[in-house]
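Here's the structure we're looking at; comments come further down.
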Amino acid sequence: MTATDQALQHADYYEDPAVGSLPTTGFVFRRETAALVVVDPQNDFLTEGGVAWGLVGESVVENDTVANIGRLFAAAKDAGIPVAISPHYYYHSDHDWNFGGPSEHLMHEIGMFDRSGPLSLEGFDRSGADFLEVYKPFKRHGNGTSSTDPIG
């Protein structure tokens, strides 16, 4: 084993370098003002049946994303840290947009995060736009979770 390999084995990947590349910000974590923000924890991204699985599935599995997001929800609940969930939705009128990058146009084409309307839950339960079932208990127990999701 080389010296570099030995050093990497014992490295603290989260330790700040002795001399940083960027100026320090003076940021100090304070639990009383902290929140966990979770973006798009939805079936279309995070389940094998989701329309984006072919694009992201390998990464979701490799990084154990579903379990890790679950750990974050649980840790926030245990620590009393509020959780803000920001889901991504598309409605039929959104498909007429003339702007957006290639990934946004692809999301429209494959029906990612589609809902029947902003005031309707028709077809929402367990759809691609819905949250994973394993995350729903964190939304429904009054644990400081805030959401723009209609069932939050």
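In the UniProt record's numbering, the protein residues as written are 1 to 152.
Glycine is no exception: its CB is placed at the ideal position from the N, C-alpha and C atoms.
Query raised in the report: Can you tell me whether L46 is buried or exposed, with buried defined as 16 or more other CB within 10 angstroms of its CB?
Result: For the purposes of this step, residue 46 is taken as the residue at position 46 of the sequence shown. Burial call: buried.
Query raised in the report: Between which two residues does the alpha helix (DSSP H) carrying I69 extend?
Result: Within the sequence shown, residue 69 is the residue found at index 69, counting from 1. I69 -> alpha helix (DSSP H) spans T65 to A79.
Query raised in the report: How long is the line joining the alpha carbons of V37 and S86, rounded to whole angstroms?
Result: To locate residue 37, count along the sequence shown from 1; it is residue 37. To locate residue 86, count along the sequence shown from 1; it is residue 86. Computed Cα separation, rounded: 7 Å.
**Report entry** Delimiting residues of the beta strand (DSSP E) encompassing S86
**Finding:** Walking along the sequence shown from the start, residue 86 turns up at place 86. V83 to S86 is the extent of the beta strand (DSSP E) around S86.
Query raised in the report: Identify the residues that DSSP records as bridge partners of Y90: which are they?
Result: Along the sequence shown, read from residue 1 onward, the residue named residue 90 stands at position 90. According to DSSP, Y90 bridges with D114.
Query raised in the report: Around the C-beta of N98, are 16 or more other C-beta atoms found within 10 angstroms, so that it is buried, or is it exposed?
Result: Residue mapping note: residue 98 aligns to position 98 of the sequence shown, counting from 1. By the neighbour-count rule (16 or more Cβ atoms within 10 Å), N98 is not buried but exposed.
Query raised in the report: Out of curiosity, what's the CA-to-CA distance linking P150 and E133?
Result: Reading the sequence shown from its first residue, position 150 is the one you call residue 150. Reading the sequence shown from its first residue, position 133 is the one you call residue 133. The predicted model places P150 with a pLDDT of 38, which falls under 50 and marks its position as unreliable, so this point remains unresolved.
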